[in-house]
Structure formats: C-alpha cells, structure tokens
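Only one structure is covered here, and it is reproduced in the block below.
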C-alpha cells in the first residue's frame, strides 16, 4: 500500500489581517506578527469599515506585553496600495466575506480566525481590560500555532 504524500504548505511571506474597523483585533494581530516575524514576513492590517482611531484598551493590553500599538492608523481594504498577499486572516465574519470577495480573482489563501469583539463587554474598566486581554491572548495562541517561531536551521 502506497503512503499518501504529505503536502508541505508554501511559506507565507506576506499576511493581511482584517477585521471590521481595524481598531482592535487586526491591529493587535498584525503588531504581534510584526513583533515575532517582522523581518521574515510582510504584515499589514485593514478593516471593512472606516474606523476612527486605535482603541485605547487595545493599546493598553498590548503595552502589557511590550508591543506599542499607539501609532497605528486605521485603514480599510480600499486604502490598500498593494493587494498581493499570500494569506489573508480575517478576524470577524464581515471581514471574512470581504476577504473571500477580494480573493476570487487572485491566488491568495484566506483563513477565518473568528475572534470575539471585546467592545461588546460592558462593565468596569477592569472587566473591559480583561475582555481585551482574552482577545490578545487568544490571538497570540493562534499566532504561535499557525506561525511557530523558528530557531533557524539545525545540523
């Protein structure tokens, strides 16, 4: 009986993270990706709709892990100058629909990491920060699983 060949995925050299407003989830994911893989992978982020500015709670919880998100500027799919990505990671259902629509005529993979919107949490400042931390930590776990940190070649 012949063994089934194992297909190794092509290396990802460019990733676009997308969410609804590009104010919380996609900027967090893009900042983490840049932090861990910035010299090996081109990273960008966008939203389906126009956002105002990066969410201050997102800035605060990213600062807790040593990543500065304060200079992020919200952008939409229409603001992209280059649409040649190996992979689009959508973090909201609306972004998933937009990514599928965008990639109908291009060779690009799309992955859906359905990520909770922490703005839906009401309550104290601490409760809200905890919701943002859960989003950050969930994105971090997915990031490490999908894009493991390589230690370089082994001999």
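Residue numbers (the UniProt record's numbering): 1 to 155. Heads up, the beta-carbon is just placed ideally off N, CA and C, and yes, glycines get one too.
Residues near residue i by beta carbon distance below 8 Å, same chain, minus five either side
| i | result |
| --- | --- |
| residue 142 | 113 |
| residue 134 | 116, 118 |
| residue 23 | 47, 51, 52, 53, 54, 55, 58, 74 |
| residue 138 | 115, 116 |
Rounded separation between residue i and residue j - CA only
| i | j | result |
| --- | --- | --- |
| residue 117 | residue 19 | 10 Å |
| residue 49 | residue 95 | 9 Å |
| residue 46 | residue 69 | 14 Å |
| residue 124 | residue 60 | 15 Å |
| residue 93 | residue 109 | 16 Å |
| residue 148 | residue 107 | 23 Å |
| residue 82 | residue 52 | 22 Å |
| residue 122 | residue 132 | 12 Å |
| residue 157 | residue 34 | No answer is possible for residue 157: it lies beyond the span of the chain, which begins at 1 and ends at 155. |
| residue 79 | residue 111 | 21 Å |
| residue 129 | residue 136 | 10 Å |
| residue 98 | residue 72 | 22 Å |
| residue 140 | residue 64 | 13 Å |
Identity of the residues DSSP links to residue i by a beta bridge
| i | result |
| --- | --- |
| residue 138 | None, per the DSSP bridge assignment. |
Same chain, Cβ closer than 6 Å to residue i, five either side skipped, listed in chain order
| i | result |
| --- | --- |
| residue 16 | 44, 85, 88 |
| residue 76 | 46, 47, 50 |
Cutoff 7 Å; reference residue i; Cβ partners in own chain excluding five residues on either side
| i | result |
| --- | --- |
| residue 13 | 41, 42, 86 |
| residue 21 | 47, 49, 51, 74 |
| residue 91 | 17, 18, 19, 25, 26, 29, 113, 115 |
| residue 37 | 147 |
| residue 31 | 62, 67, 69 |
| residue 144 | none |
Taking three-plus beta-carbon pairs below 8 Å as touching, is the region 100-108 in contact with the region 56-74?
no
Going along the chain, which unbroken runs of the alpha helix (DSSP H) with 4 or more residues stay wholly within the UniProt domain "Phosphotyrosine protein phosphatase I" (13-149)?
25-37, 56-63, 93-102, 125-146
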